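Chains A and W are the protein sequences, given in the same order. Note that our numbering has the first sequence beginning at 29, numbered continuously upward. Note that our numbering has the second sequence beginning at -16, numbered continuously upward. Please read the structure below before turning to the comments.
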Amino acid sequence: MAARLDRETEAILQGTLDMLVLRALQLEPMHGWGITERIEQWSEEVLCVGQGTLYPALYRLERQGLISSAWDTTENNRRARYYKLTAAGRRHVTRELASWRRLSRAIDLVLRATEA
Amino acid sequence: MASKDRRLAEEIAFHIEQQTAKNIRAGMAPAEARRAARVTFGGVQQVREATRDEMRGVWLRDFGRDLRIAFRGLARVPSFSITAILTIGLGIGAAAAMFTVVDGVLLRPLPYPDAGRIVQLFQIGEKGTRGANVSDPNFLDWQAQTGSFAAMAETAVYPQTVTGAGEPQSLRVAVVSQGFFDVLATRPTMGRGFRPDELQRSGAKVAIVGAGFWERWRGARPLAGDAIVIGGVQHAVVGVMPDGFDYPQQAVIWTPREQGRDSPSRTAHNFRVVARVKPGVDIEQASAELSRVSRVLKARYGTGTWMADAVALPLLDVISAGVRPALRLLFAASLLLLLVACTNVSNLLVARAVSRRREFAVQLALGASTGRVTRQWLAETLAVAACGAAIGLALATVAVRAFVALGPRSAPRLDQVSIDWTSIAFAGVIALVAAVVLSLLTAWGTRGAGIADALTDNSRTGSSSRRQMRGREALIVAQVALTMVLLAGAGLLARSFAHAMAVDPGFRLSDDFVLDTSIELPGDGAGPRRAAMQDLLLARVRALPGVTAAGLINAFPLGRGQFANGTFIEMSRVDEITKMEDFRIDAPQFASRTGDAEYRVASDGYFEAMDIPLLSGRLFDATDAPDRPHVAIISRSLAEKQWAGRDPLGRFIQFGNMDGDLTGLRVVGVVGDVRESSVEALPGPMIYVNARQRPTATSSFSVIAHGPAAGALGGPVRRIMRDVAPDSPYELTTVSAGLDRSVGTRRFNLSLIGAFAAAALGLAMLGVYGLVAYAVSQRSREMGIRVALGAEPASLVRMVLTHAARLTLVGSAVGLGLTLLASNAISGMLYGVTAVDPAVLMSVAATMLAAAMAASYLPARRILKQPPGLALRS
């Protein structure tokens, strides 16, 4: 793993952002800001979602048909764009999570073996 | 896209707002909180751009960017871009123009409903000759005995004088039988078709007219009891056909066949037959049935019918048959020119690719994928091709207009041809294909130019540059070969044209005055009355100052008159045959005494005015009055064919089947042969009869006057026509106008192929020039060293020229091979030369070599001018 930044956050690995976004949306529809907050919160403030990559990712996923979006109002009565998983997105995230878990477990095993 | 942009802007604003709120909660001052939020978010603009790219999709985004870069890149090298774009534009323009013509004339369905089912029916003779004209009894049997056709009709077209609708004019009047409008599935747009009571001999005289005729005559007025006079007979106009309808043979007026004379002879071939094949029956089946029926008819009537078989052919193919070979050849030539243009552009692109090798190499080294670099390259080629297509379409628009104006009159529907969406689509596809092919060719031409090579390349070494040089040489060879094919085609056509122009037609080609006119008189005794008018006309013309000879003929050689021919019988005495029933060419007593000949009606003075030489006997003169023995003059070829070695003078001929007059003819003279239908066609045997004695078939005729130039006679002749035949339409022309018409199509094809060949030659010269210039610049250091070591600069120039000559010779050899392979395509259009004429092919090869040498000499000369030290120091 790369060295920690001063702020103790990690840039998200290329290619994993899509999965994190999908994972965040698995629970409920959310707006962009909400997704950022959710990921940071889940990762105990370690992962930081760069806005320069979040919105392109959202539009990309939408174009790929994995998520869809619609305007809605927040609890503070503020208009915001909410994203939610489509059926295809739901299937996709399940598949991807399973494969990610296998992969990260494998990497973890390797790392532990070399530490020992 | 704009709505998505707005949506994104709002999302970003919301995001920053939330971040600000969070910062305030964390204890920041509001202004500071907002600033920090913006910092956290990063560049709003960058986010926008990155997101916008995602909206479009990656590939398209990149390609759009590549295209932008490509256009910017092209603008930076205008000399390259302009040359490449104009070159490819020329190629695409020529191909698109020819495609448009081919599409409009040969491919597009005829403008009738379900036109694919319309066929023309042909009789086939025993020797396999196809006859478009069918006899009435055979037509009636076809109609009664076949089941494959939904409708079948006879047609014939005669030029006739039409009065009562403005100035007297000679118009093409069609005679059509019942069912004609069903065959074409087209009805009058105004008025009605023919009624059953009009479809018989005694029916009221009626006519349907074309939209163009009606508009010129009556404008937008509706039909209301209008009448016209056709050949002196009043006809009620009952209908107006839709705009553009002119079948058969550009007819302007249609009248019922049933009102015309009966044509009971099974060997009098007077009508063309068209039919509509029933739905569910295909044309081959219909044709097979027709053939079966016709063979049964032959078995029944034997020598009583010429027809041994029959065939049904799609009408479109029949109509365009005459121009198809030439149009195909021209289209092929335009494609060749396109290929030459493509090789040229490819050569330019290779040169550009080589000069940009380092740029690409740097991109690759910095991590761009090869695909990415290739795509950028493709984008640039595509940009060139797209600009070329635009230029090409502009060129094609002009070219098609010129083609329509100057092209052969025989090409059906040519007047309706113009650039349309099909042409644009064609140009687009060609451009796309060209771009892909060019990219591949360029990749092949620059192959071996690897990254490492490029990065370390300096012009001192350069095995890779030698390899890409070989690629360019191959392109030049291909270009020279293709150009050779075009040059050879042009050379052969030019030679044919020269041969055709050098033909002696048998009469004096001059600017002598010719008047084409017709005098149509209704009722009995029309012939003698007309003959009297013609006598008066000739007398007045002969009296004009300067006229030394004048005469008339019913079908002017190389002109547009009605040609007639048939079988005559040589009689043992002047009155051996006096009744039509006795005129039986299949009767045993005449079997050895029949002959075939063209039939013309001429006056005294005709041969003198035309300078057709008298070989023996005498010409027509003033003594040949109607009540004197009827005389005939024959052509030399008939004398040789019919009376080889014997004297034809004084022999009797029965040729009354031509005009119904069975008075025997006595041969009084033999004259020289004349080319009648075209300068290329050999003169056929000919019988001339006297216009005063046989005036039946002279309603349309030409008067020729030898002496003053045609221009001087215009005014006086107009006055004479006003006095003698005020109701007759006429046209003033010259003797050689017929020759121009006769060789017009040949001249047109030659100039077009010639233009293609010249363009290809120019491009090939440009290509050779580019290659030699490049080679010289590449080898400037080597040359410098050689000169420094004492080599004669002139010998180096020779070396460069030899190299170019070798490439040209290889290309020419390949081109000659291709020409021989393609010789079948052109042989039908040649006259007096064969497609493998060695003189033409050699001179074409010499031209190619000379052009290549000229193109090489300019860059090669630079070696002489270059101070030797310069190349070494640079």
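By construction, the Cβ of each residue, glycine as well, lies at the ideal position given by its N, Cα and C atoms. This one's a predicted model, so the numbers in the text were calculated from it and none came from an experiment.
Inclusion of Asp119 (chain W) and Asn253 (chain W) in the CB contact set at 8 angstroms is warranted, their separation being smaller than that value. Only those residues of the stretch 80 to 109 of chain W whose C-beta falls short of 9 angstroms from the nearest C-beta of chain A would be listed, and there are none. Between Val85 (chain W) and Ala394 (chain W), the alpha-carbon positions lie close to 10 angstroms from each other. Here Ala20 (chain W) has Ile(-1), Gln2, Thr3 and Asn6 as same chain residues with Cβ atoms under 7 angstroms from its own Cβ, once five neighbours each way along the sequence are excluded. Counted as a single uninterrupted DSSP element, the beta strand (DSSP E) harbouring Phe551 (chain W) occupies residues Ala547 to Met554. Taken in chain order, the members of the stretch 105 to 136 of chain A whose beta-carbon sits within less than 8 angstroms of a beta-carbon on chain W are Arg106, Arg107, Ala108 and Arg109.
Distance between Phe551 (chain W) and Arg675 (chain W), taken at the CA atoms: about 21 angstroms. Sixteen is the threshold: when 16 or more other Cβ atoms of the shown chains lie within 10 Å of the Cβ of Ala67 (chain W), as they do, the residue is buried. When Cβ-Cβ separations below 8 angstroms define contact, Val30 (chain W) makes contact with chain A. Look at the stretch 49 to 71 of chain A: the residues with a C-beta under 9 angstroms from a C-beta of chain W are His59, Gly60, Trp61, Gly62, Thr64 and Glu65. Residue range Asp119 to Gln128 is occupied by the alpha helix (DSSP H) that includes Gln128 (chain W).
Judged by beta-carbon spacing, Leu313 (chain W) lies within the 8 angstroms limit of Ile736 (chain W), meaning their Cβ atoms are closer than that value. Under the Cβ criterion (8 angstroms, minimum of three pairs), the stretch 142 to 159 of chain W counts as touching the stretch 709 to 717 of chain W. Relative to Pro171 (chain W), the option among W:Asp226, W:Leu182 and W:Gly76 whose CA is nearest is W:Asp226. Within the same chain, Cβ atoms closer than 7 angstroms to the Cβ of Ile75 (chain W) are found at Leu321, Gly371, Ala372, Gly375, Ala410, Ile413 and Ala414, the five residues on either side in sequence being excluded.
Per DSSP, reduced to three states, the secondary structure at Lys188 (chain W) is coil, with no helix or strand assignment. For Arg113 (chain W), DSSP records a beta bridge to W:Ile107. Selection W:Ile(-5), W:Thr830, W:Val221 and W:Glu456 evaluated against Ala740 (chain W) yields W:Thr830 as nearest (Cα-Cα). As computed with DSSP, Asn640 (chain W) is found in no beta bridge at all.
Here the alpha carbon of Asp604 (chain W) sits roughly 30 angstroms from the alpha carbon of Thr144 (chain W). Taking 8 angstroms as the upper bound on Cβ-Cβ separation, chain A lies near no residue of the stretch 451 to 478 of chain W. The stretch 457 to 470 of chain W makes no contact with the stretch 488 to 506 of chain W: fewer than 3 CB pairs, one atom from each, lie closer than 8 angstroms. With a cutoff of 8 angstroms on beta-carbon distance, Ser839 (chain W) and Ala787 (chain W) are scored as near each other. At the C-beta level, Thr101 (chain A) and Arg109 (chain A) stay beyond 8 angstroms of one another. For Ser795 (chain W), the enclosing alpha helix (DSSP H) has its first and last residue at Pro776 to Leu804. Rounded to the nearest whole angstrom, the CA to CA distance from Ser246 (chain W) to Arg240 (chain W) is 11 angstroms. The C-beta of His(-2) (chain W) comes closer than 8 angstroms to at least one C-beta of chain A.
Contact between Asp165 (chain W) and Arg478 (chain W) does not hold, since their C-beta atoms are separated by about 49 angstroms, which reaches or exceeds 8 angstroms. For Gly263 (chain W), the number of other beta carbons within 10 angstroms of its own is below 16, and it is reported as exposed. For the stretch 108 to 132 of chain A, there is no continuous beta strand (DSSP E) assignment of 3+ residues that stays within its boundaries. Chain W places no beta carbon closer than 8 angstroms to that of Gly93 (chain A), leaving this residue out of the contacts. Residues Val651 and Gly652 of the same chain have their beta carbon placed closer than 6 angstroms to that of Arg601 (chain W), with the five preceding and five following residues left out of the count.
Approximately 7 angstroms separates the beta-carbon atoms of Ile687 (chain W) and Val718 (chain W); this is inside 8 angstroms, confirming the contact. With contacts defined as CB atoms closer than 8 angstroms, Ala418 (chain W) and Ala377 (chain W) fail to qualify as a contacting pair. With a 10 Å radius around the Cβ and a threshold of 16 neighbouring Cβ atoms, Asn327 (chain W) comes out buried. Cβ neighbours of Asn121 (chain W) within its own chain (closer than 7 angstroms, five residues either side excluded): Gln106, Arg249, Leu280, Thr288 and Met290.
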